[in-house]
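Each residue of the sequence shown is one higher than the one before, starting from 376 at the first, in my numbering.
From the three backbone atoms N, C-alpha and C, an ideal C-beta is built for every residue, glycine too.
Small disclaimer: the values here were computed from a predicted structure and weren't measured.
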Amino acid sequence: MLGTRFGPIWLLRVASIAALAALAVRLYPRQGWSRGAPRRPLWLLVLPAGALLLLTTTLSSHAVAAAQGGPAAWLADWLHLLGASVWVGGLAALAATLPLARRAGLAAALLRRFSTLALLSVAALALTGLYQAWLHVRTPSALLETPYGQALLVKLALLVAALALGAHNLLAARRPAAQVPVGRVRRAVWGELALLGAVLGAVGALTSLPPAWDVYRLANRGLVERVAVADLRLTLRVDPGAAGVNTFDLEVREQDGQPARQVQRVTLRLRPLLVELGESELRLAPAGEARYRGQGGYLSLPGYWQVELIVRRAGLEDARTALRLAVPSEPGGALPGARAAGAPGFSREVLIGLLVLALGAVLVVGSARVGRRRVWAGVVAMALGFVLSAVGTYAATTAWLGAGTALANPFPPDEASVRRGAEVYAQHCAACHGPSGRGDGPLALTVNPRPVDLRLHVTAHSETELFQFVSRGLAGTHMPAFADRLSADDRWHVVNYLRTAFDPQAGQQR
């Protein structure tokens, strides 16, 4: 169970459900409710336990798999769930307690309090919903032409109807207490609850469907990537954009939009990022103005692929850059999520995440005591505690899941990465290996054994091995370890430079 991505998330979900069940048993009013009951602090534990349960749903949702959103995507999803839970759960409690409140003459006050809470929840739902729509839908066409978009439209229609009933109750709450039509309000509350139940059904359909933008992009255009390099603008289209046989179409234009001149050869070099399958090369043939095309089964597996684009022109240096493609198993299928993780394990990052989670829990529990003296301080402490608890849980979970992940280069060898790698190489490596990588730098004769010829060794090792050599040094040589001198980003940049500058196959392209 711990060896899978969702095992720890499932355990966290079970733990939060167990905590909520235990709190429900402990808080059950066997002898009636008492405002000053010593159990009151226990109610504060219900909030983080419920928020944690919702966070486990977020950690297995579309938000985590969205490459564009990053942490903002899962945070928006979590806040969306919190807002929905407060609205639906509060509405159910209101429906159950209105008859009691009516007999006690408190119906109007109860309705006003809930209306304020519901307004805040709807505001949170609207803001996070707009962000999620941009992330998962993006265009009107994707909204109208995909199953995800159509399910979202059904959800929105039901929400509008529920909001209309909620507006009726809000207007009723503003009347004097004696004029509040409690019976009519209660019927509207039950109607609103029924509509929100239907909304939950639409949400269930949404969670089982691939996001609209992913489906629309793949079904209508395949994979499309644009990149600028040197004085060129390149547009790569991959159709159908799934594992198997694809057509690769590269448009090569100058910065002013004119077709690139004196192009002699256009080459793609493709390799998967998560498995060692080696590299494939595809030479594209001219196919009209500024277009070059080729076809083949070069994207043989679903997952993440690196595609290096090389444009050779007469009398000029090759224009070289690289980009990464997320390739699904079939056209219109869901894109791969995060890269495959290895066996989970405990690490420093996990410990830090747990400490942040503990600090957040302390703030949430302590906010009740602080709030007795200063209400605003208690609210701030509780809000900060919720944020820290969420951040700590996310950090610990992701660190646990990724503890055993094999190293993978996070940077494609594009122009910026290679330029930075060249700067690092000139400052730290050229003195021994020489500007051309032949092992003939100014200090080469002062060390024994002499530095290796990088032109012979770079292609004999994977990117991960090169990264380890740069980080840890090379046993039996004077090659030092650079892990304490260079950031991990700079070490990856220099690896990209080595593979670009000293790869004989790359040299043949020049």
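Residue i - DSSP class collapsed to helix/strand/coil
{"i": "asparagine 621", "result": "strand"}
{"i": "glutamate 520", "result": "helix"}
{"i": "valine 650", "result": "coil"}
{"i": "proline 817", "result": "coil"}
{"i": "proline 788", "result": "coil"}
{"i": "glycine 690", "result": "coil"}
{"i": "leucine 861", "result": "coil"}
{"i": "valine 463", "result": "helix"}
{"i": "histidine 803", "result": "helix"}
{"i": "alanine 778", "result": "Low per-residue confidence applies at alanine 778: pLDDT is 44, beneath 50, and the placement is therefore not dependable, though the value from the model is reported in the following sentence. Alanine 778: coil per DSSP, three-state reduction."}
{"i": "glutamate 838", "result": "helix"}
{"i": "isoleucine 392", "result": "helix"}
{"i": "aspartate 589", "result": "helix"}
{"i": "alanine 850", "result": "coil"}
{"i": "valine 822", "result": "coil"}
{"i": "glutamate 798", "result": "helix"}
{"i": "arginine 513", "result": "coil"}
{"i": "arginine 410", "result": "At arginine 410 the pLDDT is 48, less than 50, meaning the model places this residue with poor confidence and gives no usable figure here."}
{"i": "proline 383", "result": "helix"}
{"i": "glycine 809", "result": "coil"}
Cross-strand partners of residue i (DSSP beta bridge)
{"i": "arginine 612", "result": "Val599 and Asp624"}
{"i": "glutamine 670", "result": "Thr622"}
{"i": "alanine 451", "result": "Beta-bridge pairing links alanine 451 to no other residue."}
{"i": "glutamate 683", "result": "Arg644 and Ala697"}
{"i": "glycine 678", "result": "Val702"}
{"i": "proline 634", "result": "Arg628"}
{"i": "arginine 658", "result": "Thr642"}
{"i": "leucine 607", "result": "Val604 and Glu629"}
Within 9 angstroms, strictly: CB atoms of residue i and residue j
{"i": "cysteine 807", "j": "alanine 819", "result": "yes"}
{"i": "leucine 429", "j": "isoleucine 384", "result": "no"}
{"i": "glycine 671", "j": "leucine 657", "result": "yes"}
{"i": "leucine 510", "j": "alanine 448", "result": "yes"}
{"i": "valine 620", "j": "leucine 611", "result": "no"}
{"i": "alanine 689", "j": "arginine 628", "result": "no"}
{"i": "alanine 537", "j": "leucine 570", "result": "yes"}
{"i": "glycine 851", "j": "proline 824", "result": "yes"}
{"i": "valine 574", "j": "lysine 530", "result": "yes"}
{"i": "leucine 386", "j": "leucine 420", "result": "no"}
{"i": "leucine 763", "j": "glycine 735", "result": "yes"}
{"i": "tryptophan 453", "j": "alanine 426", "result": "yes"}
{"i": "glycine 812", "j": "phenylalanine 857", "result": "no"}
{"i": "glutamine 681", "j": "proline 787", "result": "yes"}
{"i": "tryptophan 588", "j": "alanine 701", "result": "no"}
Through-space distance from residue j to residue i, alpha-carbon basis
{"i": "valine 461", "j": "leucine 726", "result": "31 angstroms"}
{"i": "leucine 873", "j": "valine 833", "result": "7 angstroms"}
{"i": "alanine 765", "j": "arginine 388", "result": "14 angstroms"}
{"i": "serine 891", "j": "arginine 866", "result": "No answer is possible for residue 891: the residues shown for the chain start at 376 and end at 885."}
{"i": "alanine 605", "j": "glycine 632", "result": "14 angstroms"}
{"i": "threonine 431", "j": "valine 755", "result": "24 angstroms"}
{"i": "alanine 715", "j": "proline 647", "result": "With a pLDDT of only 35 at alanine 715, under 50, the local geometry of the prediction cannot be trusted, and no value is derived from it."}
{"i": "leucine 473", "j": "valine 590", "result": "45 angstroms"}
{"i": "leucine 581", "j": "leucine 534", "result": "15 angstroms"}
{"i": "histidine 868", "j": "glycine 767", "result": "30 angstroms"}
{"i": "tyrosine 327", "j": "threonine 821", "result": "Nothing about residue 327 can be read from this structure; the chain reaches only from 376 to 885."}
{"i": "glutamate 626", "j": "leucine 649", "result": "28 angstroms"}
{"i": "alanine 778", "j": "leucine 729", "result": "Note that alanine 778 scores a pLDDT of 44, beneath 50, so its modelled location is shaky; the value from the coordinates is reported in the next line. Approximately 15 angstroms, taken between the alpha carbons."}
{"i": "alanine 758", "j": "leucine 481", "result": "29 angstroms"}
{"i": "proline 703", "j": "glutamate 567", "result": "40 angstroms"}
{"i": "threonine 347", "j": "alanine 451", "result": "There is no way to answer for residue 347, as the model of the chain reaches only from 376 to 885."}
{"i": "arginine 847", "j": "leucine 831", "result": "20 angstroms"}
{"i": "alanine 467", "j": "glutamine 525", "result": "28 angstroms"}
{"i": "proline 719", "j": "leucine 475", "result": "Note that proline 719 has pLDDT 43, beneath the 50 cutoff, so the model's placement of it is unreliable and the number below is only indicative. Roughly 51 angstroms separates the two Cα atoms."}
{"i": "phenylalanine 623", "j": "glutamine 843", "result": "34 angstroms"}
{"i": "alanine 390", "j": "alanine 733", "result": "16 angstroms"}
Residue i, buried or exposed, once every other Cβ within 10 Å from all chains shown has been counted against 16
{"i": "serine 792", "result": "buried"}
{"i": "glutamate 840", "result": "exposed"}
{"i": "glutamate 683", "result": "buried"}
{"i": "glutamine 507", "result": "buried"}
{"i": "leucine 584", "result": "buried"}
{"i": "glycine 558", "result": "exposed"}
{"i": "threonine 642", "result": "buried"}
{"i": "glutamate 692", "result": "exposed"}
{"i": "alanine 617", "result": "buried"}
{"i": "proline 515", "result": "exposed"}
{"i": "aspartate 789", "result": "buried"}
{"i": "arginine 644", "result": "buried"}
{"i": "leucine 546", "result": "exposed"}
{"i": "glutamate 838", "result": "buried"}
{"i": "glutamine 406", "result": "Model confidence at glutamine 406 stands at a pLDDT of 49, short of 50, so the residue's coordinates are unreliable; what they give is reported in the following sentence. Exposed: under 16 other Cβ atoms inside 10 Å."}
Interface flag, residue i vs chain C, CB-CB below 9 angstroms
{"i": "asparagine 621", "result": "This model lacks chain C altogether; it includes just one protein chain."}
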